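Below is one structure, written out as structure tokens, with a few remarks after it.
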Amino acid sequence: MTAAKRSTTERFNESGVSIIIIAVSLVFVLGIAGLGLDLASLYVGRSQAQRAADAAALAGAQAFVAGGCATGSTGTSANWGYCTAIATQRAESVGNRNLIQGASPAIKDSDISFPDTSGTDPQIRVVAGRGTYDGLDHGNAMPTFFMKIFGVMTASVSATATAEAFNPSGTQQTIGATCLKPWIFPNCDQFNPDTNSDCKNGAGYFINTDGKVARPVDYPEGALGEPFLIKPGNPSGTASPGQFYAAYLSTTGAIPTDCPSCASTVTTGGTGSGALYRANIECCNANPIYCGETLDLETTLQSTPGDMVGPTYEGVNCLIHEDQIDGTATCGQDYVQGLTDNCKDPPPAQGAAGLPALPQIPPLIMPGANNPLDPNGTSPISNSDSVITAPIYNGVIQPGQNTIHVAGFLQLFLRDTSQAQQGSTYAYVLNISSCGGGGSPNPGGPVTASYGTSIPVRLISQ
């Protein structure tokens, strides 16, 4: 009986041990669960930081392109400061819209650097996050949840991304471009005299036969910032320097999209219509054209030597918001800071040579009164509907010629279009992108550039 009594006493003394073990185990289980939840939260925050850094870097690189800062010479010019300024502004604006656990990453100037300032392939590096890292305070750190019981109240997260604007000039990379405008220009620079070229009027090339940009420096010594007449009042079917061929860009697979409210309505692909030509000016044609591509003027482009007075004027006027939608003359398009009388055209006999010189290259593009996104803006913008891209073809079109060979692309700033001068459209050259090797096709996989430009923007590291 004594033994039985002892056993009962021992069991009574051990009855609380299980509760203690369970309690201690729960602490560890809850701690591990809390650690897991906090680590998951930090992982999500790190992913969001990476997304913010990627978006900021890509936006900054895109600003290089839109601002004419990927030309091959900007990096050594005094205007590189402008290029980094607009890239920084755009990177901060876009990156800070990508929240990290509900809060802005607060990207600022000190988080942005420029690893490559050559101006050929300019790069931008962005660090985004929350908390203290790199020895700097980058805003409130992310709060922890269960880890607070161990005294860990906050944690820092950060991510880095580097992007570049890749100018293919002088390389053998096949580049494609979408959202091009329905104009094709001869590879002829009217301000580059060279009687040995096959251009008319003694003009030289934009892109030399070796595939390199002929004059990659600022106007008047070079072609960057050069005044340009897209459409003379009466082209009469010629392809003299600065003159154009209207092109009915292919609508295979898709009709022009991403149109402003004033755009011409096109519901089917159609061929050879002024409405389609106008819609391709106003909207985005998503079908790419690639470097080295041989284009048939009768089928692929359906080129026309017609004057296209009405469709050109109406299309450009709508695209750049020069007038109000009701046709009221307001001169409300985006403009270049430092230039006045943006709707005052030179005498027709002077053409592009009568345009005022840009005050600096690349120009500071300001939002006009009719800019749909920033009508009252007072700061330069990195994206403008007045910045367009169109292909350059080698040689000049001869009678009976049915094909052209894409040698590169011109990026232009549309200054204005003149109804009084039969739809003449005046512009400035921002970028010249060569296909490399004279535009010859190569076996490398093609790269399609971003919206409306021939210079791809890409992430190169994270």
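Position 349, counted from 1, in the sequence shown is what the working numbering calls 344; the numbers after and before it change by one each time, with no gaps. Virtual Cβ for every residue (Gly too), placed ideally from N, Cα, C. Owing to the predicted nature of the structure, the values given are computational and were not obtained by experimental measurement.
1. Taking just the CA atoms, how far does L314 sit from Y272?
2. Contact between the region 347 to 354 and the region 389 to 405 is defined here as three or more beta-carbon pairs at a separation below 8 Å; is this criterion met?
3. Work out the CA separation of Y38 and I14 for me, nearest whole Å.
4. What are the complete beta strand (DSSP E) segments, minimum 3 residues, inside the region 199 to 230?
5. Alpha carbon to alpha carbon, how far is P251 from S456?
6. Tell me whether the beta-carbon of A44 lies closer than 8 Å to the beta-carbon of A209.
7. Among P386, Y423 and G372, which has the Cα closest to the Cα of P181?
8. Contact defined as beta carbons within less than 8 Å: I believe V60 pairs with V424. What is the distance between those atoms, to the nearest angstrom?
9. Can you give me the Cβ contacts of C338 inside the same chain, cut-off strictly under 6 Å, excluding the 5 residues immediately before and after it?
10. Between which two residues does the beta strand (DSSP E) harbouring P481 extend?
11. Would a C-beta distance cut-off of 8 Å place I119 and I102 closer than the cut-off?
12. Just the Cα atoms here: how many angstroms apart are A47 and A80?
13. Got a sec, what are the start and stop residues for the alpha helix (DSSP H) G544 sits in?
14. So for I392, helix, strand or coil by DSSP?
15. Which residues in the same chain as T398 place their Cβ atom closer than 7 Å to its Cβ, once the five residues preceding and following it in sequence are excluded?
16. Smallest Cα separation from C78: which of N191, I360 and D380?
17. Compare the C-alpha of C430 against each of R125, G171 and T307 and name the closest.
18. Measure how close the beta-carbons of I95 and G124 come, nearest whole angstrom, since I'm counting them as under 8 Å.
19. By the 10 Å Cβ neighbour count, where 16 or more other Cβ atoms means buried, how is Q345 classified, buried or exposed?
20. In whole angstroms, what separates the C-alpha of S105 from that of F161?
21. So D187 is in the beta strand (DSSP E); what residue range does that whole segment cover?
22. Taking the Cβ atom as the reference point for each residue, do T307 and G418 lie within a distance shorter than 8 Å?
23. State buried or exposed for N426, treating a residue as buried only when at least 16 other CB atoms are found within 10 Å of its CB.
24. Could you tell me how far apart the beta carbons of K176 and I383 are, in whole angstroms, since I believe they sit closer than 8 Å?
25. Where I450 and F404 are concerned, what is the direct C-alpha to C-alpha distance, given to the nearest angstrom?
26. Hey, D116 and E159: beta-carbon distance below 8 Å or not?
27. Closest by CA to Q416, which one among A422, L368, C257 and D340?
28. Within 10 angstroms of the Cβ of Q185, are there 16 or more other Cβ atoms? Answer buried if so, exposed if not.
29. Could you give the DSSP three-state label for I455: helix, strand or coil?
30. What is the residue span of the alpha helix (DSSP H) that A154 lies within?
31. If distances are taken between C-alpha atoms only, which option among P100, N366, N378 and N191 comes closest to D318?
32. Please classify F59: does DSSP put it in a helix, a strand, or coil?
33. Could you spell out the range, first to last residue, of the beta strand (DSSP E) harbouring R410?
34. What did DSSP end up calling C313 once you bin it into helix, strand or coil?
35. If I follow the unbroken beta strand (DSSP E) through V424, where does it start and stop?
On the basis of the supplied data:
1. Rounded to whole angstroms, Y272 to L314 spans 13 Å at the Cα level.
2. No, they do not touch.
3. I14 and Y38: Cα-Cα distance of roughly 35 Å.
4. If one requires a minimum length of 3 residues, the beta strand (DSSP E) runs lying completely within the region 199 to 230 are 222 to 226, in chain order.
5. Each residue's Cα considered, the two are about 34 Å apart.
6. Result no, Cβ atoms of A44 and A209 do not sit closer than 8 Å.
7. P181 has its Cα closest to that of P386, out of P386, Y423 and G372.
8. About 14 Å separates the two Cβ atoms, so there is no contact after all.
9. Closer than 6 Å at Cβ, skipping near neighbours: C326 and D411.
10. No statement about residue 481 is possible, as the shown extent of the chain runs from -4 to 457 and does not include it.
11. Result no, Cβ atoms of I119 and I102 do not sit closer than 8 Å.
12. Each residue's alpha carbon lies about 19 Å from the other.
13. This structure cannot settle anything about residue 544, because the visible part of the chain is limited to -4 through 457.
14. Coil, per DSSP.
15. Closer than 7 Å at Cβ, skipping near neighbours: T289, L290, D291 and L292.
16. The shortest C-alpha separation from C78 is found at I360.
17. Taking only the C-alpha atoms, the option nearest C430 is G171.
18. About 7 Å separates the two Cβ atoms, so the contact holds.
19. Counting of Cβ neighbours within 10 angstroms places Q345 among the exposed residues, the total staying below 16.
20. Going from the Cα of S105 to the Cα of F161 covers about 24 Å.
21. The sequence shown places Asn at residue 187, rather than the Asp named in the question. For N187, the uninterrupted beta strand (DSSP E) run begins and ends at D184 to P188, by DSSP.
22. Yes, Cβ-Cβ distance for T307 and G418 is below 8 Å.
23. The residue is buried, with at least 16 neighbouring Cβ atoms inside 10 Å.
24. Yes, K176 and I383 are in contact; Cβ-Cβ is about 5 Å, under 8 Å.
25. About 9 Å.
26. Yes, the Cβ-Cβ distance between D116 and E159 is below 8 Å.
27. Residue D340 holds the alpha-carbon nearest to the alpha-carbon of Q416 among A422, L368, C257 and D340.
28. Counting Cβ neighbours within 10 Å, Q185 comes out buried, since at least 16 surround it.
29. Residue state, collapsed to three classes: strand.
30. Not the alpha helix (DSSP H): A154 falls in the beta strand (DSSP E), residues V152 to A160.
31. Answer by Cα proximity: N366.
32. Three-state DSSP puts F59 in a helix.
33. Segment T398 to S413, the beta strand (DSSP E) holding R410.
34. DSSP places C313 in helix when its eight states are reduced to three.
35. From DSSP, the beta strand (DSSP E) with V424 extends over S419 to S429.
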